[in-house]
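K.L.:
In the numbering used here, the protein residues as written are 355 to 658.
Just so it is clear, CB atoms sit at the ideal spot from N, CA and C, and this is done for glycine as well.
From a predicted model like this one, the values you see are computed outputs, not experimental measurements.
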Amino acid sequence: AKGFIEHQFDMKWLHREILNSRTYQLSWIPNSTNRQDERNFSRAVPRRLPAEIAWDIMMQASLSTEKNSEFVTALDKRALSIPGSGLRQRNRNPADYALTVFGRSIRESNCDCDRSDEPSLLQTIFVQNDGQVLSMLDAQDGWLAETCKQNGLQFTRKSSDDAAAAQQARARTQLKTRFKEQLKKLEDQLAAAEQKQSARQIESLKTQIRKLRDQAIARGVIEADPQQDSQPADAPAAPAATAPAQLNTDTIITDAWLRTLSRLPTDAELQTARTWISESKDPVEGIRGVLWALLNTREFIVNH
């Protein structure tokens with residue numbers, strides 16, 4: 355306390371003093387003399403991270419570099435800024451369920467004793483299989499999408515929450531195909547009418563084409579760009595992006611370890627991750643699997 359006052363309440367100095375202290379740097383691995391000790395600071399006691407911290411680190415591990423930078427200045431991005439955890443306020447924020455799973459205080463008493471830092475089976479299932487976590491991995495502003503863009507990979511989503519969006523995309527594609535078929539048929543009829551120089555038929559067909567375009571634009575099938583919309587129905591599709599011949603796997607793996615475990619992978623871990631990505635049918639699927647596995651390690655969720 356005296357040093358804190360002498361340094362004019364400098365929080366950076368205080369953090370440095372604590373982190374450099376012997377007590378803080380003690381190993382969590384017990385020996386025969388302190389195996390049963392959890393009170394006298396003879397060793398570090400592994401404990402699960404608090405609910406708000408657990409949610410924030412999952413967000414930061416899965417978000418892109420640009421989005422991660424917002425956590426430094428924007429406090430409203432953090433779970434600590436989410437107000438209310440009681441039953442009446444629950445489900446008003448996407449993070450509410452996750453915070454409840456990880457034992458956040460419901461703040462219905464003047465005591466923080468209702469907070470729980472104990473691990474549970476529900477927490478394990480949530481991180482492994484919950485749609486909210488899987489959607490974080492597949493977010494368009496996530497690290498996986500960013501990595502795919504940097505390495506020339508075609509980003510494909512897999513999370514269960516995107517099933518409805520994928521179904522809508524398929525329906526939109528089918529609708530667009532039908533529209534193109536109808537448009538081509540009308541354009542063929544218009545070309546024939548122009549050869550016959552039938553003014554009435556030409557005007558009628560132009561009106562039908564215009565109405566068909568307006569309907570497609572209103573339903574979001576096409577953009578309001580006549581040049582883009584008038585592509586022939588049999589136009590070849592754009593070639594799908596393929597994996598680069600030389601994928602920088604080691605850099606990707608190292609980045610995944612640093613953003614989750616804050617350390618470099620060991621040689622054995624690096625080789626295991628390399629093998630997993632190379633043997634996956636899709637490199638994106640392999641990278642997603644590596645990040646998912648790191649989020650589900652004890653080292654990630656436990657302060658040790």
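According to the neighbour-count rule (16 or more other Cβ atoms, all chains shown, within 10 Å of its Cβ), is C467 buried or exposed?
P.N.:
C467 comes out exposed.
K.L.:
With burial defined as no fewer than 16 other Cβ atoms inside 10 Å of the residue's Cβ, what is the status of A545: buried or exposed?
P.N.:
exposed
K.L.:
Give the secondary structure of R402 by DSSP, where H, G and I count as helix, E and B as strand, and everything else as coil.
P.N.:
strand
K.L.:
What do you get for L368, buried or exposed, if any count of 16 or more other CB atoms within 10 angstroms of its CB means buried?
P.N.:
exposed
K.L.:
For Q551, which residues from the same chain have a beta carbon less than 7 Å from its beta carbon, with the 5 sequence-adjacent residues on both sides left out?
P.N.:
none
K.L.:
Please report the Cβ distance between A415 and F456, rounded to the nearest whole angstrom; I am assuming they are in contact, meaning their Cβ atoms lie under 8 Å.
P.N.:
A415 to F456, Cβ: 15 Å. No contact.
K.L.:
Taking C-beta to C-beta, are I607 and L624 nearer than 8 Å?
P.N.:
yes
K.L.:
Would you mind reading off the limits of the alpha helix (DSSP H) that contains L559?
P.N.:
553-572
K.L.:
According to DSSP, simplified to helix, strand and coil, what is L368?
P.N.:
When secondary structure is reduced to three states using DSSP, L368 falls in the helix class.
K.L.:
Can you check whether the CB of R642 is closer than 8 Å to the CB of R498?
P.N.:
One point to set straight first is that residue 498 is Leu, not Arg, in the sequence displayed. Contact: yes.
K.L.:
Taking just the CA atoms, how far does L645 sit from F480?
P.N.:
15 Å
K.L.:
Would you mind sorting P586 into buried or exposed? The rule is 16 or more other CB atoms within 10 Å of its CB.
P.N.:
Only weak support is given to the placement of P586: the predicted model assigns it a pLDDT of 42, under 50, and the value that follows is read from those uncertain coordinates. With fewer than 16 Cβ atoms within 10 Å of its Cβ, P586 is classed as exposed.
K.L.:
Per DSSP, what kind of secondary structure is L417 in: helix, strand or coil?
P.N.:
In the three-state reduction of the DSSP assignment, L417 falls in the strand class.
K.L.:
Could you check whether R397 and L380 sit closer than 8 Å to each other, using their CB atoms as the reference points?
P.N.:
Taking 8 Å as the cut-off, the Cβ atoms of L380 and R397 count as close.
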